[in-house]
Amino acid sequence: MAAGFDPSGRLPDVFTNAGTSSFTTFLSKVAPEMLPGRRPLPPGMAADLAPHATTIVAISASGGVVMAGDRRATMGNLIAQRDIEKVHPADAYSLVGIAGTAGIGIELMRLFQVELEHYEKIEGAMLSLDGKANRLASMIRGNLGAAMQGLAVIPLFAGFDLAAADPARAGRIFSFDVTGGPYEETGYDAIGSGSLFAKSALKKRFRAGLSIDDATRLAVEALYDAADDDTATGGPDLTRRIYPVVMTATAEGTHRLTDAETAAIAEGVVSGRMENPGG
594 MAAGFDPSGR LPDVFTNAGT SSFTTFLSKV APEMLPGRRP LPPGMAADLA PHATTIVAIS
654 ASGGVVMAGD RRATMGNLIA QRDIEKVHPA DAYSLVGIAG TAGIGIELMR LFQVELEHYE
714 KIEGAMLSLD GKANRLASMI RGNLGAAMQG LAVIPLFAGF DLAAADPARA GRIFSFDVTG
774 GPYEETGYDA IGSGSLFAKS ALKKRFRAGL SIDDATRLAV EALYDAADDD TATGGPDLTR
834 RIYPVVMTAT AEGTHRLTDA ETAAIAEGVV SGRMENPGG
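Residue numbers 594 to 872, in my numbering, belong to the letters of the sequence shown in order.
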């Protein structure tokens, strides 16, 4: 009989007990090698070995928040992928976008989705928006060792706060540093190599109380400006019909704009820049 083989086929007790409400904590006990930050890495820098994802923007609007990301992933001076998706729903009322090492970022994002769903199933209630941001911060902190070897992941988190006193101001945005420090941003934020240019564009155009539609247009314009000055950020690709991923989080939940809706906005931005390249 093989060592550790249970002829009854029953799962170990750790899988049948309620245990912790944190799936990441559960995984660290049962199979720690499956966590992105717990895998052993060879010595040396590894930043140039994997595709990197950029750029993500988030904007607070009246009644919610908008998050958008370009579709390009780069590896050094090469385009590794033209249609990567970097913005995803974290749960029913929140969004997460990733910048940095693409493979680890996507894995971390999926783990975060399971983390929130696991908590809700175990506790019978949804985490607060601050609680979700803190859970994500601890997961980033767990990847610090890989980040120090060049495999860093920096997410942008945003969502609709169900506990907000004023629903019109319920859209909130959180940024993070590589050590997992969470910081709430006011109005807007951007991450990734094109963030400097995206935030410069947002700084001039953002106004408190923007409608969701106006914030959506502004997010696409900010990505266009980032792509105009940052080679790692991809602008709207009219030839291949590849456009930014744009999502919203409101009291009705998260919503991804359809390809047709995003195409109409992006083509409108490009048309406007044909007449006024500087915006």
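Every residue, glycine too, gets a C-beta built ideally from N, C-alpha and C.
- T617 to M732 span [Cα, whole Å]: Between T617 and M732, the C-alpha separation is close to 8 Å.
- Message: If you follow the beta strand (DSSP E) that I835 is in, where does it begin and where does it stop?
- Response: Counting along the chain, no beta strand (DSSP E) covers I835, and no H or E run does either.
- Message: Relative to the C-alpha of R675, which candidate in S793, P837, L701 and A801 has its C-alpha closest?
- Response: When the alpha-carbon of R675 is set against those of S793, P837, L701 and A801, the nearest one is in P837.
- Query: From G743 to L704, what does the alpha carbon distance come to, in whole angstroms?
  - Reply: Distance between the alpha carbons of G743 and L704 is about 21 Å.
- Would you decide whether E854 is buried or exposed? Buried here means 16 or more other CB atoms lie within 10 Å of its CB. E854 is classed as exposed because its beta carbon has fewer than 16 other beta carbons within 10 Å across all chains shown.
- Message: Pop quiz: A859 and A815 are said to be a contact at Cβ under 8 Å. What is the actual Cβ separation, rounded to whole angstroms?
- Response: Going by Cβ atoms, the distance from A859 to A815 rounds to 12 Å, so no, they are not a contact pair.
- Item | Length of the line joining the Cα atoms of G738 and E700 | Whole-angstrom Cα-Cα distance: 16 Å.
- Item | Backbone CA spacing between E716 and V863 [nearest angstrom] | Each residue's CA atom was taken as its position, placing E716 and V863 some 47 Å apart.
- Can you pull the DSSP bridge partners for A751? Partner(s): L688 and I766.
- Query: Taking C-beta to C-beta, are F750 and G764 nearer than 8 Å?
  - Reply: It is not a contact, given that the beta carbons lie outside the stated cut-off.
- Item | Cβ neighbour criterion (16 or more within 10 Å) applied to I697 | Buried is the call here.
- Item | Collapsed DSSP secondary structure at P760 in the structure displayed | Helix.
- Task: May I ask which residues mark the beginning and end of the alpha helix (DSSP H) holding I715?
- Result: Per DSSP, I715 is one residue of the alpha helix (DSSP H) stretching across A695 to E716.
- Can you tell which of M719, N869 and V680 has the C-alpha that lies nearest to the C-alpha of S615? Looking at the Cα atoms, M719 is the closest of the given residues.
- Does the beta-carbon of N736 have 16 or more other beta-carbons within 10 angstroms, so that it is buried, or is it exposed? N736 should be labelled buried.
- For D759 and A673, the rounded distance between their alpha carbons: The alpha-carbon atoms of A673 and D759 are separated by roughly 43 Å.
- May I ask which residues mark the beginning and end of the alpha helix (DSSP H) holding D723? Per DSSP, the unbroken alpha helix (DSSP H) holding D723 starts and ends at L722 to R734.
- Query: DSSP three-state call for G872: helix, strand or coil?
  - Reply: Three-state DSSP puts G872 in coil, outside helix and strand.
- Query: Where D818 and G724 are concerned, what is the direct C-alpha to C-alpha distance, given to the nearest angstrom?
  - Reply: D818 and G724 have their C-alpha atoms roughly 33 Å apart.
- Would you mind sorting M702 into buried or exposed? The rule is 16 or more other CB atoms within 10 Å of its CB. Note on M702: 16 or more other CB atoms within 10 angstroms of its CB, so buried under the neighbour-count rule.
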